[in-house]
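K.L.:
Just dropping this structure here.
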Amino acid sequence: MKKFGIWLEKNVYNIVLWAIGILNALPLLAPIFAYLKFDFLAKIIYYVYSFFCHQLHWRSLHVCDYQYGWCSRCTFIWLNVLLTGIAVKVMKVKRIKWYWYAVFFMPLVLDGVIQTIATIFGLTTISNIYYMSNNFIRMLTGSLFGFGFGLFIWTSLQDSSPQLEKVTNTKRAISIFKLTLVTLLTSFALYFLAVVVWDQTSSQYKPVNLLDFGVKIPPLAQDFLIRRINGVR
Numbered sequence: 007m008k009k010f011g012i013w014l015e016k017n018v019y020n021i022v023l024w025a026i027g028i029l030n031a032l033p034l035l036a037p038i039f040a041y042l043k044f045d046f047l048a049k050i051i052y053y054v055y056s057f058f059c060h061q062l063h064w065r066s067l068h069v070c071d072y073q074y075g076w077c078s079r080c081t082f083i084w085l086n087v088l089l090t091g092i093a094v095k096v097m098k099v100k101r102i103k104w105y106w107y108a109v110f111f112m113p114l115v116l117d118g119v120i121q122t123i124a125t126i127f128g129l130t131t132i133s134n135i136y137y138m139s140n141n142f143i144r145m146l147t148g149s150l151f152g153f154g155f156g157l158f159i160w161t162s163l164q165d166s167s168p169q170l171e172k173v174t175n176t177k178r179a180i181s182i183f184k185l186t187l188v189t190l191l192t193s194f195a196l197y198f199l200a201v202v203v204w205d206q207t208s209s210q211y212k213p214v215n216l217l218d219f220g221v222k223i224p225p226l227a228q229d230f231l232i233r234r235i236n237g238v239r
């Protein structure tokens, strides 16, 4: 038991990194399993992830007319947590001051709060909802939030892990601005690729354009209560 404790302490960073990797992979496998008629596996993934995400189909990316296991915002939150974890592991990334996290968190908070308020006041006449975000904006705000959240998680684990070098010299650490820019560009490239794949593999439900930059409002208010409508049928 003592040896296991020592091993766990030395490898906790890698264990969490692998766990986040699996967390990212399963929602992307759900539509593929559904398309291949592995309905049992797809249903398990959709069901489990429904506890963590609303799974509204018009706020989700699709493959072969089946939606991801979670929405576009959640997809890029956790993708950036993973990307940041890899970056902290292979590069020298210094912990940032607590107040800088507001820069990464505030866009998502504002977008989500404004959208929620506008939706609540517009549900009685759903065609008159004043503000509704789109998948591209959700990708951007989710990426920024995931990057900031990831920085907090991984730099904390880095400081407590005996196998990872603690970064104390600012001159040796990569610029947070550069790292933010790289992760955002990576997110944008992956998002663009995902939308292209969606457009090429789906016939019943397609993106608005190659960035899916367009407001989508469901026809009925009760649609806001329906999860994974484009999941396993």
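Numbering (our numbering), first residue to last: 7 to 239. The beta carbon of each residue, even a glycine, is placed where N, CA and C say it ideally should be.
Alpha carbon to alpha carbon, how far is W84 from I51? Give it in angstroms, no decimals.
P.N.:
If I take the Cα positions, the gap works out to 16 Å.
K.L.:
Which term fits Q73, buried or exposed, when burial requires 16 or more other beta carbons within 10 angstroms of its beta carbon?
P.N.:
Label assigned to Q73: buried.
K.L.:
What is the rounded straight-line gap between the Cα of V238 and the Cα of F46?
P.N.:
Their backbone Cα atoms lie some 9 Å apart in a straight line.
K.L.:
In the structure shown, what three-state DSSP assignment does Q206 receive?
P.N.:
Here Q206 sits in helix by DSSP.
K.L.:
Which term fits Y55, buried or exposed, when burial requires 16 or more other beta carbons within 10 angstroms of its beta carbon?
P.N.:
Under this definition Y55 is a buried residue.
K.L.:
Please classify W76 as buried or exposed, where buried requires at least 16 neighbouring CB atoms within 10 angstroms.
P.N.:
W76 is buried by the Cβ-count criterion.
K.L.:
From this set, W24, Q210 and T122, which residue's C-alpha is nearest F230's C-alpha?
P.N.:
For the residues W24, Q210 and T122, the minimum Cα distance to F230 belongs to T122.
K.L.:
For the stretch 91 to 99 against the stretch 178 to 190, are there 3 or more C-beta pairs whose distance is under 8 Å?
P.N.:
With the cut-off at 8 Å, the stretch 91 to 99 and the stretch 178 to 190 touch.
K.L.:
Under a three-way DSSP split, which group does Q73 fall into?
P.N.:
Q73: strand per DSSP, three-state reduction.
K.L.:
By how many angstroms is the C-alpha of T81 removed from the C-alpha of F58?
P.N.:
Their backbone Cα atoms lie some 11 Å apart in a straight line.
K.L.:
Short check: CB of F153 to CB of F111, under 8 Å?
P.N.:
The answer is no: Cβ separation not under 8 Å.
K.L.:
Using the Cβ count rule (16 or more neighbours within 10 Å means buried), how would you classify N215?
P.N.:
Burial call: exposed.
K.L.:
Determine the direct distance from the alpha carbon of P37 to that of A31, and round the result to whole angstroms.
P.N.:
Each residue's Cα considered, the two are about 11 Å apart.
K.L.:
Distance check for V99 and K177, CA to CA, integer angstroms please.
P.N.:
Low per-residue confidence applies at K177: pLDDT is 49, beneath 50, and the placement is therefore not dependable, though the value from the model is reported in the following sentence. Straight-line Cα distance between these residues: approximately 11 Å.
K.L.:
Expressed to the nearest angstrom, what Euclidean distance is found between the alpha-carbon atoms of L35 and A227?
P.N.:
Near 29 Å, if we compare the C-alpha coordinates of A227 and L35.
K.L.:
So what does H68 bridge to, in DSSP terms?
P.N.:
Q73.
K.L.:
What's the gap between the Cα of R144 and the Cα of S166?
P.N.:
For R144 and S166, the distance between alpha carbons rounds to 33 Å.
K.L.:
What is the DSSP secondary structure of I180, reduced to helix, strand or coil?
P.N.:
It is coil, neither helix nor strand.
K.L.:
Take A48 and list the residues in its own chain whose beta-carbon comes closer than 6 Å to its own, dropping the five residues that flank it on each side.
P.N.:
For A48, where only same-chain residues beyond five positions count, the Cβ hits under 6 Å are A36, F39, A40 and V238.
K.L.:
DSSP on V94, reduced to helix/strand/coil?
P.N.:
If DSSP states are grouped into helix, strand and coil, V94 belongs with the helices.
K.L.:
How about Y211 and N236: are their beta carbons less than 8 Å apart?
P.N.:
It is a contact, given that the beta carbons lie within the stated cut-off.
K.L.:
In this structure, does DSSP put N175 in helix, strand or coil?
P.N.:
With a pLDDT of only 49 at N175, under 50, the local geometry of the prediction cannot be trusted, and the value read off the model is given with reservation. Looking at N175 - three-state DSSP - the assignment turns out to be coil, as it is neither helix nor strand.
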